[in-house]
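**Student:** Chains as they are written, first to last, in this note's numbering: chain A, 1 to 116; chain B, 1 to 112. One structure follows; several queries about it will come next.
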């Protein structure tokens, strides 16, 4: 019962480097999301995806790129990391149901990223 | 647009005290409402939810009632424990959309 996993759990990188955060879910959920969590801002949506090969921008997409070639994976790439991208990143997934009352989000454990 | 407003924290209580965390929302149509909890060093996890007006969600002694007339979904617990110390997020999912809106979270600290 792996659920939803993220890797790495902790990452330190330098300004200007490319970094990829991985997210994998075993439920075959259609929807996947990337959030960042910062003090004073709560959770902010970066990108989301409704299915493989379908992605869209959230509230704060600048500086990030996503892809979703397989339903179970949703990697997030910081193309050229900046110090303002130091944050805790959470991946989440939710089910395929079109019934409005069932779409609970399931979150991964998070990746703590520090950009020096 | 959609929005969720939660009371600012931290909320500091003694063990066995009564807890209320206020949550109000703005949404079109008939959203589903959620409370998530985040323990230190972990991701968010669903605590309870309600999908229509007057529904009461409950779990682990926590309760919240979907009040459409006041657009509220306040979280309550009759007797908190130290282990309830966490950050609590109120959220809504609009009807017809799979994208939720989260409040900013309320930190709860329970002292022995």
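Note that the Cβ used here is the ideal one computed from N, Cα and C, for glycine as well. Computed from a predicted model, the values in this text were never measured in an experiment.
Note the first and the last residue of the continuous beta strand (DSSP E) segment covering residue 25 of chain B.
**Tutor:** Here the beta strand (DSSP E) through residue 25 of chain B covers 23 to 26.
**Student:** Let me know if residue 21 of chain B comes out buried or exposed under the rule of 16 or more other beta-carbons within 10 Å of its beta-carbon.
**Tutor:** Answer is buried; the Cβ neighbour count reaches 16.
**Student:** Could you say which of B:104, B:109, B:1, B:108 lies nearest to residue 36 of chain A if we only look at CA atoms?
**Tutor:** The residue with the shortest Cα to Cα distance from residue 36 of chain A is B:104.
**Student:** Measuring alpha carbon to alpha carbon, tell me which residue in A:59, A:34, A:86 is nearest residue 68 of chain A.
**Tutor:** The candidate whose alpha carbon is nearest that of residue 68 of chain A is A:34.
**Student:** In whole angstroms, what is the alpha-carbon distance linking residue 39 of chain A and residue 59 of chain B?
**Tutor:** Distance between the alpha carbons of residue 39 of chain A and residue 59 of chain B: 27 Å.
**Student:** Of all the CB atoms in chain B, is at least one closer than 7 Å to the CB of residue 101 of chain A?
**Tutor:** Confidence at residue 101 of chain A is low in this model, with a pLDDT of 37, below 50, so the placement of that residue is unreliable and no value is reported for it.
**Student:** Residues bridged to residue 63 of chain A by DSSP?
**Tutor:** In the DSSP output, where bridge partners are listed per residue, residue 63 of chain A has none listed.
**Student:** So, does the CB of residue 31 of chain A fall closer than 7 Å to a CB anywhere in chain B?
**Tutor:** So, interface residue.
**Student:** Within the 7 Å Cβ cut-off, does residue 43 of chain A reach chain B?
**Tutor:** It does: the Cβ of residue 43 of chain A has a partner Cβ on chain B nearer than 7 Å.
**Student:** Over what stretch of residues does the beta strand (DSSP E) that includes residue 2 of chain B continue unbroken?
**Tutor:** Here residue 2 of chain B belongs to no beta strand (DSSP E), and DSSP marks it neither H nor E.
**Student:** Under the DSSP definition of a beta bridge, which residues are partnered with residue 121 of chain A?
**Tutor:** Because chain A spans 1 through 116 in this model, residue 121 of chain A falls outside it and cannot be assessed.
**Student:** Do residue 76 of chain B and residue 63 of chain B count as a contact pair if the criterion is CB distance below 7 Å?
**Tutor:** Result yes, Cβ atoms of residue 63 of chain B and residue 76 of chain B sit closer than 7 Å.
**Student:** What does DSSP give as the partner residues of residue 106 of chain A in its beta bridges?
**Tutor:** In the DSSP output, where bridge partners are listed per residue, residue 106 of chain A has A:93.
**Student:** Starting from residue 41 of chain B, trace the beta strand (DSSP E) both ways and give me its first and last residue.
**Tutor:** Per DSSP, residue 41 of chain B belongs to no beta strand (DSSP E) and is neither H nor E.
**Student:** Hey, how far is the Cα of residue 80 of chain B from the Cα of residue 27 of chain A?
**Tutor:** Cα to Cα, the separation comes out at about 33 Å.
**Student:** Under a CB-based cut-off of 7 Å, is residue 66 of chain B close to chain A?
**Tutor:** Chain A, which has no Cβ nearer than 7 Å to the Cβ of residue 66 of chain B, makes this no.
**Student:** What residues of chain B sit near residue 105 of chain A, judged by a beta carbon separation below 7 Å?
**Tutor:** Correct list: 100.
**Student:** Starting from the Cα of residue 16 of chain A, find the closest Cα among A:50, A:78, A:48 and give me that residue.
**Tutor:** With distances taken between Cα atoms, residue 16 of chain A lies closest to A:78.
**Student:** So, does the CB of residue 105 of chain B fall closer than 7 Å to a CB anywhere in chain A?
**Tutor:** Yes, because at least one Cβ of chain A sits closer than 7 Å to the Cβ of residue 105 of chain B.
**Student:** Using CA coordinates, which residue listed in A:93, A:115, A:103, A:71 is at the minimum distance from residue 109 of chain A?
**Tutor:** Checked all of A:93, A:115, A:103, A:71; the closest Cα to residue 109 of chain A is A:93.
**Student:** Please list the terminal residues of the continuous beta strand (DSSP E) segment that includes residue 34 of chain A.
**Tutor:** Run containing residue 34 of chain A: 31 to 38, per the beta strand (DSSP E) assignment.
**Student:** Do residue 13 of chain B and residue 110 of chain B come within 7 Å of each other at the CB atom, strictly closer than that value?
**Tutor:** Contact flag set, yes.
**Student:** Using C-beta distances below 7 Å, list every residue in its chain close to residue 24 of chain B, excluding the 5 sequence neighbours before and after it, in chain order.
**Tutor:** These residues qualify, in order along the chain: 5, 71, 72.
**Student:** Compare the C-beta of residue 74 of chain A with all C-beta atoms of chain B and state if any pair is closer than 7 Å.
**Tutor:** Not an interface residue.
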